[in-house]
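> Below is one structure. I have some questions about it.
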Amino acid sequence: MTDQAKFVAIDVMGGEHRTEAYGKKNPDATVPCLELDNGTHIAVCNAVIEYINATFDGPTLTGTTPKERPHISMMNARAEAGLLYAVGAYFHHAIPELG
137 MTDQAKFVAI
147 DVMGGEHRTE
157 AYGKKNPDAT
167 VPCLELDNGT
177 HIAVCNAVIE
187 YINATFDGPT
197 LTGTTPKERP
207 HISMMNARAE
217 AGLLYAVGAY
227 FHHAIPELG
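Under this note's numbering, the first residue of the sequence shown carries the number 137, and numbering increases by one thereafter.
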């Protein structure tokens, strides 16, 4: 897939995700944000993963069996709740420029 996509770094520490230009792509001002060739934008990790799974050939990112699918979903939710939200809250409160 990497030969079919262009990866663009976003300077989160510099507040690039909070600019008006980025806000037009993703009003939630979050990363990642997938921009399609037709100008559509898909934000939120799970939504991006669903799009990639449905669009590209190769191994699935969300499991193939009734046991794998909920396990992957559970681990993703744990990562978001236990790590990403905590890190986000820390930076929101510890670095005034990001709040």
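Glycine included, each C-beta is placed from N, C-alpha and C at the ideal position.
1. Pick from ASN189, THR176, ASP193, CYS181: whose alpha carbon is nearest that of ALA215?
2. What does CYS243 pair with, by DSSP beta-bridge criteria?
3. Are the beta-carbon atoms of ALA157 and PRO168 separated by less than 8 Å?
4. Once DSSP output is grouped into helix, strand and coil, what is the label at ASN212?
5. So the alpha helix (DSSP H) LYS161 belongs to, where does it begin and stop?
6. At which residues does the alpha helix (DSSP H) containing HIS228 begin and terminate?
7. Compute the Euclidean distance between the alpha carbons of ILE185 and LEU170, then round it to the nearest angstrom.
According to the structure shown:
1. Of the candidates ASN189, THR176, ASP193, CYS181, the one whose C-alpha sits nearest the C-alpha of ALA215 is CYS181.
2. Any question about residue 243 goes unanswered here, given that the chain covers just 137 to 235.
3. Taking 8 Å as the Cβ cut-off, ALA157 and PRO168 do not qualify as a contacting pair.
4. It is helical.
5. Boundaries of the alpha helix (DSSP H) harbouring LYS161: 156-161, taken from the DSSP string.
6. Taken as a continuous stretch (DSSP letters only), the alpha helix (DSSP H) holding HIS228 covers 221-230.
7. Their backbone Cα atoms lie some 10 Å apart in a straight line.
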